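Student:
Numbering (full-length UniProt numbering), first residue to last: 1 to 82.
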């Protein structure tokens, strides 16, 4: 489980440091039949979508969304690459 939380943990650390003025919120929803659910998680910084991820669980979707946010922050030059 620790590997799944790596991007979320790094994102939280970034948002407690250099980008502490940004507020992180999540929107999560699932689609599909109960035996084959796909979760989608959308990460917002100050009410602007910065990342979206999907996965077989809510946690996996959030992890993928967090990774997308980190990639976007690096691309925009707001943080250094890990």
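All C-beta atoms, glycine included, are put in the ideal place defined by N, C-alpha and C. From a predicted model like this one, the values you see are computed outputs, not experimental measurements.
1. Run the CB neighbour count on residue 12, radius 10 Å, all protein chains shown included, and call it buried at 16 or more, exposed below.
2. What three-state label does DSSP hand residue 43 in the structure shown?
3. Quick check on residue 19: does DSSP put it in helix, strand or coil?
4. Taking the alpha carbon of residue 48 as the point to measure from, which residue in 23, 75 and 74 has its own alpha carbon closest?
5. Of all the options 50, 58, 10 and 35, which has the alpha carbon lying nearest to the alpha carbon of residue 76?
6. From this set, 68, 63, 72 and 71, which residue's C-alpha is nearest residue 9's C-alpha?
7. Sorted by chain position, which residues of the same chain lie with C-beta nearer than 6 Å to residue 54's C-beta, five sequence neighbours on each side aside?
8. Assuming residue 78 contacts residue 19 under a Cβ cut-off of 8 Å, what Cβ separation, rounded to an integer in Å, is found between them?
Tutor: Here's the rundown:
1. With fewer than 16 Cβ atoms within 10 Å of its Cβ, residue 12 is classed as exposed.
2. In the three-state scheme derived from DSSP, where H, G and I count as helix and E and B as strand, residue 43 is classed as strand.
3. DSSP places residue 19 in coil when its eight states are reduced to three.
4. The shortest Cα separation from residue 48 among 23, 75 and 74 belongs to 23.
5. Proximity to residue 76 across 50, 58, 10 and 35 peaks at 50, based on C-alpha coordinates.
6. Among 68, 63, 72 and 71, the Cα nearest to that of residue 9 is on 63.
7. When the five nearest sequence neighbours on each side are left out, the beta carbons in the same chain lying within less than 6 Å of the beta carbon of residue 54 are those of 38, 40 and 61, in order along the chain.
8. Taking a contact as a CB-CB distance under 8 Å, the pair residue 78 and residue 19 counts as one, their CB atoms being some 7 Å apart.
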